[in-house]
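Below: one structure, written as structure tokens.
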Amino acid sequence: DVKVTQSSRYLVKRTGEKVFLECVQDMDHENMFWYRQDPGLGLRLIYFSYDVKMKEKGDIPEGYSVSREKKERFSLILESASTNQTSMYLCASVRGRATDIQYFGAGTRLSVL
Amino acid sequence: KQEVTQIPAALSVPEGENLVLNCSFTDSAIYNLQWFRQDPGKGLTSLLLIQSSQREQTSGRLNASLDKSSGRSTLYIAASQPGDSATYLCAVKDNNDMRFGAGTRLTVKP
Numbered sequence: 001d002v003k004v005t006q007s008s009r010y011l012v013k014r015t016g017e018k019v020f021l022e023c024v025q026d027m028d029h030e031n032m033f034w035y036r037q038d039p040g041l042g043l044r045l046i047y048f049s050y051d052v053k054m055k056e057k058g059d060i061p062e063g064y065s066v067s068r069e070k071k072e073r074f075s076l077i078l079e080s081a082s083t084n085q086t087s088m089y090l091c092a093s094v095r096g097r098a099t100d101i102q103y104f105g106a107g108t109r110l111s112v113l
Numbered sequence: 001k002q003e004v005t006q007i008p009a010a011l012s013v014p015e016g017e018n019l020v021l022n023c024s025f026t027d028s029a030i031y032n033l034q035w036f037r038q039d040p041g042k043g044l045t046s047l048l049l050i051q052s053s054q055r056e057q058t059s060g061r062l063n064a065s066l067d068k069s070s071g072r073s074t075l076y077i078a079a080s081q082p083g084d085s086a087t088y089l090c091a092v093k094d095n096n097d098m099r100f101g102a103g104t105r106l107t108v109k110p
């Protein structure tokens with residue numbers, strides 16, 4: 001079975017802190033994604049990556065950056081956390097073709113105080 | 001830009017009922033449509049994936065249909081159980097990326 005692992009289930013950070021969210025997949029998938037999920041807004045794409053060292057902005061990249069130094073790992077970085085970044089963050093991966101199933105991690109619930 | 005809508009937003013049924021969840025999308029040029037289940041505070045679990053060339057997929061008590069021309073998909077759950085209580089999301093994959101509906105929150109009462 002495909003496994004997508006997010007390093008933390010819950011995080012509490014202070015405004016202005018630099019925050020790293022880590023995601024690792026074990027099925028050699030080319031494509032990885034970071035979403036945030038908020039009540040009433042659904043899932044919104046922050047960033048995605050189709051290959052190592054490659055990144056593309058999604059719908060809401062402001063305030064975020066990403067890093068993909070290795071194929072299996074995709075990191076989301078909040079350069080200076082703000083309260084409006086309190087959310088559920090979900091990582092996903094898919095093998096490569098447009099027809100493949102997208103697999104999700106368990107999510108990280110981040111609270112910024 | 002693709003928009004995905006799910007109706008109803010919430011649904012409560014007694015155990016044993018058959019039920020249908022609806023998903024509609026605005027652009028029929030899709031690669032596939034995927035149904036997910038999400039339990040409270042958890043990630044998404046893929047239930048069924050329908051390719052654009054297919055009309056339905058079945059897995060156990062679940063059956064998903066796709067009518068690309070009308071921009072609609074349904075998820076049919078037979079003989080519902082309390083363990084089916086969760087939020088169900090549909091997502092369409094087009095040439096750009098994957099777009100999600102806001103979900104239908106299902107409660108199955110014992």
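Line order of the protein sequences matches chains A and B.
So the first sequence is numbered by the working numbering: it starts at 1 and just counts up by one.
So the second sequence is numbered by the working numbering: it starts at 1 and just counts up by one.
Ideal Cβ positions, reconstructed from N, Cα and C, are used throughout, including at glycine.
Just so it is clear, the structure is predicted and the values come from calculations on it, not from any experiment.
Backbone secondary structure at B:G60 - three-state DSSP: coil
Where A:G42 sits in the DSSP three-state scheme: strand
Contact set between the segment 82–112 of chain A and chain B, restricted to residues whose Cβ is under 9 Å from the partner: The segment 82–112 of chain A vs chain B, Cβ under 9 Å: M88, L90, C91, A92, V94, R97, A98, T99, D100, I101, Q102, Y103, F104, G105, A106, G107 and R109.
Residue-chain proximity (B:G101, chain A), Cβ-Cβ < 8 Å: yes
8 Å CB neighbourhood of B:E15 in its chain, flanking five on each side removed: S80, Q81, P82, V108, K109 and P110
For B:K93, the nearest candidate out of B:A78, B:A86, B:I50 and B:R61 (CA to CA): B:I50
Identity of the residue in A:T83, A:K53 and A:K71 nearest A:S65 by Cα: A:K53
Residue-chain proximity (B:K42, chain A), Cβ-Cβ < 8 Å: yes
Selection from B:A29, B:I77 and B:W35 that minimises the alpha carbon distance to B:A91: Nearest C-alpha to B:A91: B:W35.
Three-state secondary structure assigned by DSSP to B:P14: strand
Residues near A:Y10 in its chain [Cβ-Cβ closer than 6 Å; skip 5 each side]: Within the same chain, A:Y10 has close Cβ partners R109.
Backbone CA spacing between A:D38 and A:M88 [nearest angstrom]: 7 Å
Of the listed residues A:G105, A:F48, A:V12 and A:F104, nearest to A:S111 (C-alpha basis): A:V12
Proximal chain A residues relative to B:L49, where beta-carbon distance stays under 7 Å: What B:L49 touches in chain A: I101.
Chain B contact residues for A:L45, given Cβ-Cβ distances below 8 Å: D97 and M98
Coil, strand or helix - B:Q2 by DSSP: coil
Simplified DSSP assignment, three categories, for B:D67: strand
Closest by C-alpha distance to B:K42, when choosing among B:T87, B:K1, B:A9 and B:S52: Closest by alpha carbon: B:T87.
B:D84, DSSP secondary structure in three states: helix
Backbone CA spacing between B:R37 and A:L113 [nearest angstrom]: 30 Å
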